[in-house]
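Heads up, the sequence shown is in UniProt numbering, so the first residue is 1 and it goes up one at a time.
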Amino acid sequence: MKIVGLSGNVKRPSRTASLVEAVVSGIGDRIGGQSRVIELVDAAPVLFKALRADQLDTEGRAIIDAVEAADVLVVGSPVYRASYTGALKHLFDLVDYRALTGKRVILAATGGTPLHGLMTEHQLRPLFGFFNAFTLPTAIYATEADFTEYTLTSPAVRERVERAVSELAQVLPAIDPAAVRVSGHRPALVAAQV
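#1: Would the region 98-118 and the region 47-54 be scored as touching if the rule is three or more Cβ pairs under 8 Å?
#2: Would you give the residue range spanned by the alpha helix (DSSP H) that residue 45 belongs to?
#3: Comparing C-alpha positions only, which one of 123, 103, 124 and 117 sits nearest to residue 168?
#4: Report, in whole angstroms, the separation of the C-beta atoms of residue 267 and residue 158, which I expect to be a contact under 8 Å.
#5: On the three-state DSSP scale, how would you describe residue 163?
#6: Given a threshold of 16 other Cβ atoms within 10 Å of its Cβ, counted over all protein chains shown, does residue 13 qualify as buried or as exposed?
#7: What do you get for residue 36, buried or exposed, if any count of 16 or more other CB atoms within 10 angstroms of its CB means buried?
#8: Just mark residue 120 as buried or exposed, buried being the case when its beta carbon has 16 or more other beta carbons within 10 Å.
#9: Using the rule of at least 16 other Cβ atoms within 10 Å of the residue's Cβ for burial, across every protein chain shown, is residue 115 buried or exposed?
#10: Taking just the CA atoms, how far does residue 70 sit from residue 4?
#11: Would the beta-carbon of residue 16 fall within 8 Å of that of residue 77?
#12: Starting from residue 62, trace the alpha helix (DSSP H) both ways and give me its first and last residue.
#13: Under 8 Å Cβ to Cβ from residue 34, same chain only, skipping five residues before and after it: list those, please.
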């Protein structure tokens, strides 16, 4: 299983990258698999060279290929003006619209106040609806107070991470992306035997 974390951070150090890494680590501990985290602070300069996927150079194509080949995505972004970062938007503009069908996605975000927490529901979840991906019910949102020097320390946020990973473990064997692509229908949620 391939797990790719995408952190929409455009600076370093980053609380968002720390949150995405915590989720990816939690998946690795519970389920296993190959994992990597792509931070947009590194990837954006490469991706911004292209306006369309056919304009990507080798390095940019490798980033998009990793996203499209993932079995599980953990997508996090800092909240800017009630939305995810433009760098994250540009990355998904380069992803084939069919490539994420049936993929499992855990949503995460960081922001300055609890009021920005709904961004995952009003911005990120619809984005993955467009891609016909399967977003897990539990989204994870954290504020600056949930971190100590860019390390996630909040027990409440860690509990949400564990809940999202548990939900992922329950649905992993139940969705066959190849069958979804063939039928063209949205995957049905079927509880897996754990």
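We treat Cβ as the ideally placed atom computed from N, Cα and C, and that holds for glycine.
Keep in mind it's a predicted model, so treat the numbers as computed, not measured.
To lay it out plainly:
#1: In short, these stretches do not touch, since the Cβ pair count stays below three.
#2: Start and end: 40-47.
#3: Taking only the C-alpha atoms, the option nearest residue 168 is 103.
#4: With the chain covering 1 to 194 only, the question about residue 267 has no answer from this structure.
#5: In the structure shown, residue 163 adopts helical secondary structure according to DSSP, grouped into three states.
#6: Its Cβ having fewer than 16 others within 10 Å, residue 13 is exposed.
#7: The residue in question, residue 36, is exposed, as its Cβ has fewer than 16 Cβ neighbours within 10 Å.
#8: Burial state of residue 120 is buried, judged by a 10 Å Cβ sphere holding 16 or more other Cβ atoms.
#9: Exposed.
#10: One C-alpha to the other measures close to 6 Å.
#11: Contact: yes.
#12: Residues 58-69.
#13: So the qualifying residues of the chain are 1, 2 and 3.
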